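Worksheet for the structure shown next.
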Amino acid sequence: MTPPVKKFLFIVEDLYGGGAEKVLLNTASLLKDAGADVTLFTLREKIDHTLPDNIHPINLGIVTKLTKAISNVAVEKIQASLILKKFKEISPDVIISCSCDKITRHLPDTLNIYYWIHGNVTGFAKDNAKGYEKFKRFYNGKKLICVSRGIADDILHNVKATPKSCQVIYNPFDIEKIQALANEPFSKPFGKYFIHVGTFEERKRHDRLLQAYQLSGVDTPLILMGKGERRPHIEAMIEEMNLASKVKIIDFQKNPYPYIKAAQALILTSDAEGLPTVLIEALICHTPVISVDCPSGPAEILTKPLDKFLIPIEDISGLAMAITSVNRRRTSIDSNCYQPFSSESVTEQFISL
1 MTPPVKKFLF
11 IVEDLYGGGA
21 EKVLLNTASL
31 LKDAGADVTL
41 FTLREKIDHT
51 LPDNIHPINL
61 GIVTKLTKAI
71 SNVAVEKIQA
81 SLILKKFKEI
91 SPDVIISCSC
101 DKITRHLPDT
111 LNIYYWIHGN
121 VTGFAKDNAK
131 GYEKFKRFYN
141 GKKLICVSRG
151 IADDILHNVK
161 ATPKSCQVIY
171 NPFDIEKIQA
181 LANEPFSKPF
191 GKYFIHVGTF
201 EERKRHDRLL
211 QAYQLSGVDT
221 PLILMGKGER
231 RPHIEAMIEE
241 MNLASKVKII
251 DFQKNPYPYI
261 KAAQALILTS
271 DAEGLPTVLI
281 EALICHTPVI
291 SVDCPSGPAE
301 ILTKPLDKFL
311 IPIEDISGLA
321 MAITSVNRRR
331 TSIDSNCYQP
341 FSSESVTEQF
351 ISL
């Protein structure tokens, strides 16, 4: 007898350019390809990513400028009741909440709902004491999926939260698809260049990146690909450091892979991550990676022999030396470096939820 098709419901606030949203779309698409029934609810219609052909989001329209302005527990409970009313039509077996947990935490505990944690709590919280209490308020007694071991360890040992369950499932990567996209034609901005891909926000520490790049003394240009509110601040920093002739900002690209593949190396300098998708994508494109050893994820990705490019988080000179080294000789990347993140093994873990 054929086993019944498992029904998944993903809930996300929007699909506006972030790494977690990109991972969600990829995971949903892979589950659909594996034979699962997949539905995706967005809470507002804000889409920046290219949608997979087999995923068609349903916008509930329950997050607006008004609800953002007056956001409180009463509003959140009303929003949760509207979600509940809608998904009773679907009767999902598994519900996965992503980046909208302050609303979905009000859904009944009787549901098989998992909260997908993409970020390190300690690294992301501006005030750890308040951040820890908020996290525990949201997630104690809940079922969690963490995208890296570092995140799970942080939740259990630093935050000291008491979730109902806490498991690690790496983000899945469709290796063949990424490599095919990386081979698409594009207008190469320079013959040789370094690249940084990420939102223009304080946590990404573009100041650290620019300081290390300047200290390296290399003439190879640096591309910053992304978008965000801090772009004017970063542009001003580039001018102040007299780097305008070598550092170029380009908008977020729906297909960034050709740019990543052609780069001398991809550089990450964040204060905190979850499981930095872009590092794995760069390795899949066979592009070397230079990264700070921030919590969490980079140390799980850059294992031997790539750990020589994993630099202590405040070591600007170490970053500069790594840039100089890769500028002289581009390290080759073996497929074993990214195989643990293949979609097949990860999809099986989701199906078993």
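The numbering of the sequence shown is the UniProt record's numbering, which starts it at 1 and goes up by one.
C-beta atoms are modelled at their ideal positions from N, C-alpha and C, and glycine is treated no differently.
In this text, all values refer to a predicted model and were calculated from it rather than measured experimentally.
I'd like the ranges of any alpha helix (DSSP H) spanning at least 4 consecutive residues and lying wholly in the UniProt domain "Glycosyl transferase family 1" (192-326).
Listed in chain order, they are 206-216, 231-240, 257-262, 277-284 and 298-301.
Between Phe135 and Val147, is the Cβ-Cβ spacing less than 8 angstroms?
Locating residue 135 in the sequence shown gives position 135, counting from the first residue. Locating residue 147 in the sequence shown gives position 147, counting from the first residue. No; because the gap between Cβ atoms is not below 8 angstroms, this pair is not in contact.
Among Lys7, Phe341, Pro92 and Ile195, which one has its Cα closest to the Cα of Gly35?
The residue given as residue 35 occupies position 35 in the sequence shown. Of the candidates Lys7, Phe341, Pro92 and Ile195, the one whose C-alpha sits nearest the C-alpha of Gly35 is Lys7.
From Tyr139 to Tyr114, what distance separates their C-alpha atoms?
In the sequence shown, counting from the first residue as 1, residue 139 sits at position 139. In the sequence shown, counting from the first residue as 1, residue 114 sits at position 114. Roughly 10 angstroms between the two C-alpha positions.
Cα separation between Ala299 and Leu156?
Counting from one through the sequence shown, the residue named residue 299 turns up at place 299. Counting from one through the sequence shown, the residue named residue 156 turns up at place 156. Looking at the two C-alpha atoms, the distance is approximately 19 angstroms.
What did DSSP end up calling Asp101 once you bin it into helix, strand or coil?
For the purposes of this step, residue 101 is taken as the residue at position 101 of the sequence shown. Asp101: helix per DSSP, three-state reduction.
State the CB to CB distance for the pair Leu210 and Leu243, rounded to an integer number of angstroms; the pair is presumed to be in contact (CB under 8 angstroms).
As a working note, residue 210 is residue 210 in the sequence shown. As a working note, residue 243 is residue 243 in the sequence shown. Taking the Cβ atoms as the reference, Leu210 lies roughly 6 angstroms from Leu243, within the contact range of under 8 angstroms.
If I follow the unbroken beta strand (DSSP E) through Leu9, where does it start and stop?
In the sequence shown, residue 9 corresponds to position 9, counting from 1. In this chain, the beta strand (DSSP E) harbouring Leu9 covers Lys7 to Val12.
Beta-carbon contacts of Asn128 that lie in its chain and below 7 angstroms, excluding the five residues immediately before and after:
As a first step, residue 128 is located in the sequence shown; it is residue number 128 there, counting from the start. These residues qualify, in order along the chain: Thr122.
How is Ile62 classed by DSSP in three states: helix, strand or coil?
In the sequence shown, residue 62 corresponds to position 62, counting from 1. Residue state, collapsed to three classes: coil.
Nearest neighbour of Ile284, chosen from Lys160, Ser332 and Leu84 [CA to CA]:
The sequence position of residue 284 within the sequence shown is 284, counting from 1. Of Lys160, Ser332 and Leu84, the smallest CA-CA separation from Ile284 is found for Ser332.
In angstroms with no decimal places, state the Cα-to-Cα distance between Lys85 and Lys177.
Here residue 85 refers to the residue found at position 85 when the sequence shown is read from its first residue. Here residue 177 refers to the residue found at position 177 when the sequence shown is read from its first residue. Lys85 and Lys177: Cα-Cα distance of roughly 36 angstroms.
Rounded to whole angstroms, how far is the Cβ of Ser218 from the Cβ of Ile323, which I believe are closer than 8 angstroms?
Taking the sequence shown and counting its residues from 1, the one referred to as residue 218 is at position 218. Taking the sequence shown and counting its residues from 1, the one referred to as residue 323 is at position 323. The question names Ser, but residue 218 in the sequence shown is Val. Sure, about 6 angstroms apart at Cβ, within 8 angstroms.
With three or more C-beta pairs closer than 8 angstroms as the rule, is the stretch 47-60 touching the stretch 307-314?
Touching, no, given that fewer than three Cβ pairs across the two stretches are closer than 8 angstroms.
In the DSSP assignment, find the alpha helix (DSSP H) that holds Asp33 and state where it starts and stops.
For this step, residue 33 is matched to residue 33 along the sequence shown. Where Asp33 is concerned, the enclosing alpha helix (DSSP H) starts and stops at Gly19 to Asp33.
Contacts around Ala161, its chain only, beta-carbon distance under 7 angstroms, and the 5 residues preceding and following it disregarded:
Along the sequence shown, read from residue 1 onward, the residue named residue 161 stands at position 161. Phe135, Lys136, Tyr139, Asn140 and Ile155.
With a 10 Å radius around its C-beta and 16 neighbouring C-beta atoms as the bar for buried, classify Arg329 as buried or exposed.
Along the sequence shown, one-based indexing puts residue 329 at 329. With fewer than 16 other Cβ atoms from the protein chains shown falling within 10 Å of its own Cβ, Arg329 counts as exposed.
If distances are taken between C-alpha atoms only, which option among Leu275, Ile151, Leu279 and Lys308 comes closest to Leu268?
Translated into the one-based positions of the sequence shown, residue 268 becomes position 268. Nearest neighbour of Leu268 by Cα position, chosen from Leu275, Ile151, Leu279 and Lys308, turns out to be Leu279.
Between which two residues does the alpha helix (DSSP H) holding Tyr114 run?
As a position in the sequence shown, residue 114 is number 114, starting the count at 1. Residue range Ile113 to Ile117 is occupied by the beta strand (DSSP E) that includes Tyr114, with no alpha helix (DSSP H) assigned at that position.
Cβ-based neighbour list, Cys100, same chain, cut-off 7 angstroms, excluding 5 preceding and 5 following:
As a first step, residue 100 is located in the sequence shown; it is residue number 100 there, counting from the start. The answer, listed in chain order, is Ile11, Val12, Glu13 and Leu43.
Best match in Cys294, Gln179, Asn72 and Tyr213 for proximity to Tyr193 [C-alpha to C-alpha]
As a first step, residue 193 must be located in the sequence shown, where it is residue number 193. Restricting attention to Cys294, Gln179, Asn72 and Tyr213, the CA atom closest to the CA of Tyr193 is found in Tyr213.
For Ile234 and His206, which I take to be in contact (beta-carbon distance under 8 angstroms), what is that distance rounded to the nearest angstrom?
As a working mapping, residue 234 is identified with position 234 in the sequence shown. As a working mapping, residue 206 is identified with position 206 in the sequence shown. Contact holds; Cβ gap of about 5 angstroms.
Can you tell me whether DSSP reads Lys142 as helix, strand or coil?
For the purposes of this step, residue 142 is taken as the residue at position 142 of the sequence shown. Here Lys142 sits in coil by DSSP.
Is Lys261 closer than 8 angstroms to Ala180 when the C-beta atoms are compared?
Counting from 1 along the sequence shown, the entry for residue 180 is found at position 180. Counting from 1 along the sequence shown, the entry for residue 261 is found at position 261. Taking 8 angstroms as the cut-off, the beta carbon of Ala180 is found no closer than this to the beta carbon of Lys261.
From this set, Pro189, Thr199 and Cys98, which residue's C-alpha is nearest Leu144's C-alpha?
Start at 1 with the first residue of the sequence shown, and residue 144 comes out as number 144. Nearest C-alpha to Leu144: Cys98.
Apart from the five residues just before and just after Glu202, which ones in its own chain have a Cβ nearer than 6 angstroms to its Cβ?
Position 202 of the sequence shown, counted from the first residue, corresponds to residue 202. Residues of the same chain with a CB within less than 6 angstroms of the CB of Glu202, apart from the 5 flanking positions on each side, do not exist.
Coarse secondary structure for Val168, derived from DSSP in three states:
Locating residue 168 in the sequence shown gives position 168, counting from the first residue. In the structure shown, Val168 sits in a strand (DSSP, three-state: E or B).
Any idea which residues DSSP pairs Ile95 with across the strands?
Counting from 1 along the sequence shown, the entry for residue 95 is found at position 95. For Ile95, the beta-bridge partners assigned by DSSP are Leu9 and Ile113.
When we look at the beta-carbon of Gln79 and count the other beta-carbons within 10 Å, is it buried (16 or more) or exposed?
In the sequence shown, the residue the question calls residue 79 occupies position 79. Label assigned to Gln79: buried.
Please report the residue range of the beta strand (DSSP E) in which Thr347 lies.
As a working note, residue 347 is residue 347 in the sequence shown. Here Thr347 belongs to no beta strand (DSSP E); instead the alpha helix (DSSP H) covers Ser343 to Ile351.
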